[in-house]
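Numbering-wise (UniProt numbering), the sequence shown opens with residue 1 and increments by one. Note sheet for the following structure.
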Amino acid sequence: HNEQLEKMKSDHIETMSASKNHVQKMTTKYQNEIDRLASELENMQIEHKNHTDGQGQEHNDQLRKMKSIHIETMNASKNDMERKHRNEIDKLTSELENKEKELELEEKLKAATKKEHQEKILKLGKQSSAALEKLRRDHRQNVAQLHDEHKTKLKEEHAGIDKKHQENLGTLRMQ
Numbered sequence: 001h002n003e004q005l006e007k008m009k010s011d012h013i014e015t016m017s018a019s020k021n022h023v024q025k026m027t028t029k030y031q032n033e034i035d036r037l038a039s040e041l042e043n044m045q046i047e048h049k050n051h052t053d054g055q056g057q058e059h060n061d062q063l064r065k066m067k068s069i070h071i072e073t074m075n076a077s078k079n080d081m082e083r084k085h086r087n088e089i090d091k092l093t094s095e096l097e098n099k100e101k102e103l104e105l106e107e108k109l110k111a112a113t114k115k116e117h118q119e120k121i122l123k124l125g126k127q128s129s130a131a132l133e134k135l136r137r138d139h140r141q142n143v144a145q146l147h148d149e150h151k152t153k154l155k156e157e158h159a160g161i162d163k164k165h166q167e168n169l170g171t172l173r174m175q
């Protein structure tokens with residue numbers, strides 16, 4: 001009984017030791033993964049900060065530029081500003097109208113090209129149907145002509161054979 005207890009105790013210690021080793025391995029593995037992810041997160045945060053810092057500088061530059069433009073505009077006379085606006089509006093309106101005309105022309109060209117293409121296809125279809133029908137007609141005529149020629153030739157040969165036959169019969173009767 002004591003031996004069995006000792007053996008069970010030894011087995012239990014072995015199992016617990018193996019289990020402890022496995023837990024330590026897994027803990028190390030998970031800790032390494034956690035450290036790696038934490039490092040990635042830290043790098044991403046640094047990248048994000050650098051990116052947003054860069055954007056902040058860019059934003060400040062834009063604000064300075066806008067402030068400068070605003071001061072220039074405020075210093076310009078009202079009439080000059082109105083004239084600039086009118087010219088810009090006229091220019092943009094003209095560009096817009098030109099774009100609209102271009103789009104209209106493109107649409108018309110597409111429609112015309114599509115119609116032209118459809119007409120060509122239809123015309124080619126009709127032409128090929130007509131050509132096919134002509135070929136069929138010509139073929140029928142050629143076959144009929146060859147048939148007639150063959151019949152005529154056979155009749156002529158038959159007539160020649162009949163004539164010779166009659167002559168031979170006549171010669172035989174005389175003898």
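No residue lacks a Cβ here, since even glycine has one placed at the ideal position from N, Cα and C.
Quiz item: Taking the alpha-carbon positions, what's the glutamate 107 to lysine 114 distance?
Solution: Going from the Cα of glutamate 107 to the Cα of lysine 114 covers about 10 Å.
Quiz item: If you draw a straight line from the C-alpha of asparagine 142 to the C-alpha of lysine 151, how long is it?
Solution: Going from the Cα of asparagine 142 to the Cα of lysine 151 covers about 14 Å.
Self-check item: Inter-residue spacing [alpha-carbon to alpha-carbon] between asparagine 168 and arginine 140
Solution: Taking the straight line joining both Cα atoms gives about 41 Å.
Exercise. Work out the CA separation of alanine 112 and glutamate 104 for me, nearest whole Å.
Key: Computed Cα separation, rounded: 12 Å.
Quiz item: Leaving out five residues before and five after glutamate 40 in sequence, what residues of the same chain have Cβ atoms less than 6 Å from its Cβ?
Solution: For glutamate 40, there are no CB contacts under 6 Å within the same chain when 5 residues up- and downstream are skipped.
Practice problem: For the UniProt region "Disordered" (1-22), list the beta strand (DSSP E) runs that are entirely contained and at least 3 residues long, ordered along the chain. | Solution: Note on the UniProt region "Disordered" (1-22): there is no whole beta strand (DSSP E) run with a minimum of 3 residues.
Quiz prompt | Cα-Cα separation between alanine 130 and lysine 99, rounded to whole angstroms | solution = When rounded, the distance between both Cα atoms is 46 Å.
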